[in-house]
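One structure is given here, and the rest of the page talks about it.
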Amino acid sequence: MAEKHEGFTADERAAMKERAKELKAESKRASAAAKAAEAERDLLEKIAEMPDQDRVLAERFHRIVTEVAPELAPKTWYGMPAYNNEDGKPVCFFQSAAKFKSRYATIGFSDHARLDDGDMWPVYYAVADLGEAEAARIAELVKRAVG
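Here it is in structure tokens:
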């Protein structure tokens, strides 16, 4: 018998609550510089809270994005690290495996990323490890996404 759908999962509800908290905190910040500094601090705190395997991947992703696309603004988005364009729209993000009880972390690109390639292209990537080859590929994707 099929399982009855009762609405959002507990993880989805928690993510929505995180997003509401983020929006409330953003509205209370004073200057643009203060908002940017506090947003990055919030992002780094969320990364620090992650289990070791996710934390290492998220830290590496953060370094890659901030090095190759310093114009993207780090902030949290549904409680996960994200990087916004000049219009405040998320371009790329990291999803912890532990948060959603997945077997791998995910790096994703939103519709604001400029990755278009014909009529179909990938926007989510499963990440089990971030070696040099994977880091180079992510750096290339982030550059294209903002280019």
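Residues 1 to 147 (UniProt numbering) are what the sequence shown spells out, left to right. By construction, the Cβ of each residue, glycine as well, lies at the ideal position given by its N, Cα and C atoms. Note that this is a predicted model, so its numbers are computed, not measured.
For residue i, the nearest candidate out of the options (CA to CA)
{"i": "Glu71", "options": "Tyr83, Arg63, Gly79", "result": "Tyr83"}
{"i": "His112", "options": "Pro51, Lys143, Glu45, Ala14", "result": "Lys143"}
{"i": "Met16", "options": "Ala128, Leu115, Thr66, Thr76", "result": "Thr76"}
{"i": "Glu86", "options": "Pro122, Leu141, Gly147", "result": "Gly147"}
Distance between residue j and residue i (C-alpha atoms, nearest Å)
{"i": "Gly79", "j": "Phe61", "result": "16 Å"}
{"i": "Ala36", "j": "Ala73", "result": "7 Å"}
{"i": "Ile47", "j": "Asp54", "result": "8 Å"}
{"i": "Lys24", "j": "Phe93", "result": "20 Å"}
{"i": "Ala135", "j": "Asp11", "result": "28 Å"}
{"i": "Glu38", "j": "Gln95", "result": "20 Å"}
{"i": "Ala20", "j": "Leu115", "result": "29 Å"}
Residues near residue i by beta carbon distance below 7 Å, same chain, minus five either side
{"i": "Tyr124", "result": "Thr106, Gly108"}
{"i": "Val91", "result": "Leu72, Tyr83, Asn84, Asn85, Phe109, Ser110, His112, Ala113, Ala145, Val146"}
Three-way DSSP call (helix, strand, coil) for residue i in this model
{"i": "Val123", "result": "coil"}
{"i": "Met16", "result": "helix"}
{"i": "Ala73", "result": "strand"}
Sequence-distant residues of the same chain with beta carbon closer than 6 Å to residue i, five excluded per side
{"i": "Ile138", "result": "Ile64"}
{"i": "Leu130", "result": "Leu57, Arg60"}
Residue i Cβ short of 8 Å to the ligand MG heavy atom set
{"i": "Ser110", "result": "Looking for the ligand MG in the displayed structure turns up nothing, as the structure carries no ligands at all."}
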